[in-house]
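Residue numbers (numbering that gives the first Met the number 0): 0 to 415.
Think of the CB as a built atom: it goes at the ideal place given N, C-alpha and C, for glycine as much as any other residue.
Values in this document were obtained by computation on a predicted structure and should not be read as measured data.
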Amino acid sequence: MALLVQKFGGSSVGTIDRIQKVAANIIKAKQEGHNIVVVVSAMYGETDRLIQLAHALSSDPNPREYDILVSTGEQASMALLAIALTQNNCSSRSYTGAQAGILTDNVHTKARILDVKTDAIRKDLANGHVVVVAGFQGVNEHGETTTLGRGGSDTTAVALAAALNADECQIFTDVDGVYTTDPKMIAEARLISQISYEEMLEMASLGAKVLQMRSVEIASKHNVPLRVLSSFNEGPGTLVTLEEKIMKKRLVSGIAFSREEAIISLSGVPNRPGIEGHILGLISEANIEIDMIAQNATDEQHTDFTFTMHRGDFPKALKLAEQLALELGAGTIKSTANVAKLSLVGIGMRSHTGVASTMFKALGNADINIQMITTSEIKISVIIEEDCLERGVRAVHQAFELDKATSEKFPAHMES
Ligand code: ASP
Ligand code: MG
């Protein structure tokens, strides 16, 4: 008998029919003898609808009221699911985030969970109830409702699984699991059966939108076995777990990408101590998040300074760059808002050489120009023209034989 935390996303509870189907799934798991805590998202589109309503009244809605408003989406689904379960003779009780003991900090609209008080839930479980918890919300020390940022129901589920020491946290969604890359772009993309927390964190931060990044951080910290699976098709999905527990290790696991990038390059910047801090200071003061940074000296006195950001911030950043160029007497500014980021992720990179060269050769053979490169221990990211993105992803996917279940050319990497 296992204790499972099962989270159902917005499309899984998007209609009354689907809520009934979710209830049937839960009842089946309950009949198999498991204890079940369910976390639900708002019905599909509901959170967007509520946010739009708020924005129709104010361009900058009061954060306290915003949180109370958007938290209602999850409260409707939790009650509907509990009604469906009870109707089918499965005793069930629903809980708001506050009732479930999800304590957060005071940062409205993107609060972080500080603690989970599980007494009430444990008592209900002991009495044989299925506990249904509203995702995405908690309560702060002043008793105010808070929300956890878009996609936050994943985080509710993992935090509950950690606090209850659950055997598995299952995230039911509208895809079959985590793929080697987006199967909507590359039909040959393959379902990954197991992936490490570390790789999943990179994939999530790089734009693979299956899980909220914070949920993977908590799972990794508390070692919660996390499974992503479909609520529509049966299958084992993808298990996110410790690197040591992965049976079939691959050199690289997947390719993530994000389209909405932009790049700005300042050349002929006077090269003196503190100049980088000055440039980035101005940019961060404008609340622009910089992603990649590269700097290289072109001669004794000058340096080129290049950075990328989300495309939405490009106009603001370009204006600042123009100001900076004037102020610093820098040479030229080169910029383009039509770039994308392609990233290759894999723990095997730590112990193997040649991953970068294979990736760059594949892009070169596809006639794709790389505008910028950054690397970490388990990731290589490149900036390329957005028009080339699909071709680039395909080329790298093929080069590492990610479409194949096992690869002769890129065998399992050995633990030292
Ligand atoms: N309903 C919230 C959102 O759409 C939270 C979630 O679904 O995870 O962001
Ligand atoms: Mg989600």
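Proximity of the beta carbon of Asp181 to the ligand MG is not indicated: no heavy atom of the ligand is located closer than 7 Å. Across the structure, Ala162 and Leu388 are spaced so that their CA atoms are roughly 41 Å apart. Three or more beta-carbon pairs separated by less than 8 Å are not found between the region 364-381 and the region 146-157, which leaves the two stretches without contact. Around the beta-carbon of Asp59, fewer than 16 other beta-carbon atoms lie within 10 Å, marking it exposed.
Distance from the Cα of Val251 is smallest, within the candidate group His128, Phe399, Phe231, Arg310, for Phe399. Secondary structure within the region 235-321: the beta strand (DSSP E) runs of 3 or more consecutive residues, fully enclosed, are 237-240, 253-269, 289-296, 301-309 (chain order). Not a single heavy atom of the ligand MG lies less than 7 Å from the C-beta of Asp175. Approximately 6 Å separates the beta-carbon atoms of Arg189 and Leu401; this is inside 8 Å, confirming the contact. With contact defined as three or more Cβ pairs closer than 8 Å, the region 129-139 and the region 27-41 are in contact. Put simply, the backbone Cα of Asn164 is about 46 Å away from that of Gln370.
In this structure, the ligand MG has no non-hydrogen atom nearer than 7 Å to the beta-carbon of Gly236.
Scanning the region 118-147 for uninterrupted beta strand (DSSP E) segments of 3 residues or longer gives 129-133, 136-138, 144-146, listed from N- to C-terminal end.
Assigned with DSSP and collapsed to three states, Cys89 falls in coil, not helix or strand.
Using a cutoff of 7 Å, the CB of Asp366 does not count as near the ligand MG, since none of the ligand's heavy atoms is closer than that. Assignment of Phe359 by DSSP, reduced to helix, strand and coil, places it in the helix class. Distances from the CB of Thr46 to the heavy atoms of the ligand ASP include at least one below 7 Å.
Remark: the C-beta of Phe171 is outside contact range of the ligand ASP, defined as less than 7 Å to any heavy atom.
Per DSSP, the unbroken beta strand (DSSP E) holding Ser342 starts and ends at 332-344. Only exposed fits Ile15, as fewer than 16 other CB atoms lie within 10 angstroms of its CB.
Assignment of Ser380 by DSSP, reduced to helix, strand and coil, places it in the strand class.
For Met371, the enclosing beta strand (DSSP E) begins and ends at 371-375. Counting every other CB atom within 10 Å of its CB across the protein chains shown gives Leu159 a total of 16 or more, marking it as buried. Taking the Cα of Gly176 as reference, the smallest distance to any Cα among Phe256, Ile120, Glu233 is reached at Glu233. Val4 sits away from Val12, with the two beta carbons spaced by 8 Å or more. For Ser204, the uninterrupted alpha helix (DSSP H) run begins and ends at 196-204, by DSSP.
Within the DSSP bridge table, the entry for Asn34 names Leu2 as partners. Comparing C-alpha distances from Arg271 to each of Glu243, Asp298, Gln322 shows the shortest one belongs to Asp298. Cβ-Cβ distances below 6 Å link Val227 to Ile170, Gly176, Val177, Val209, Gly236, Thr237 in the same chain, with the five nearest sequence neighbours on each side left out; the list follows chain order. Segment contact: the region 101-111 against the region 46-55, fewer than three CB-CB distances shorter than 8 Å; contact not assigned.
Our two residues, His54 and Glu201, have alpha carbons roughly 32 Å apart in a direct line.
The DSSP-derived three-state label of Ser229 is strand. Cα atoms of Ala186 and Glu321: separation of roughly 43 Å, rounded to the nearest angstrom.
For Gln169, the enclosing beta strand (DSSP E) starts and ends at 167-172.
Proximity of the beta carbon of Gly150 to the ligand MG is indicated: a heavy atom of the ligand is located closer than 7 Å.
Taking a cut-off of 8 Å on C-beta distances, the region 272-289 does not touch the region 342-361, as fewer than three cross pairs fall below it. One Cα belongs to Gln86, the other to Gly9, and the distance between them is close to 22 Å.
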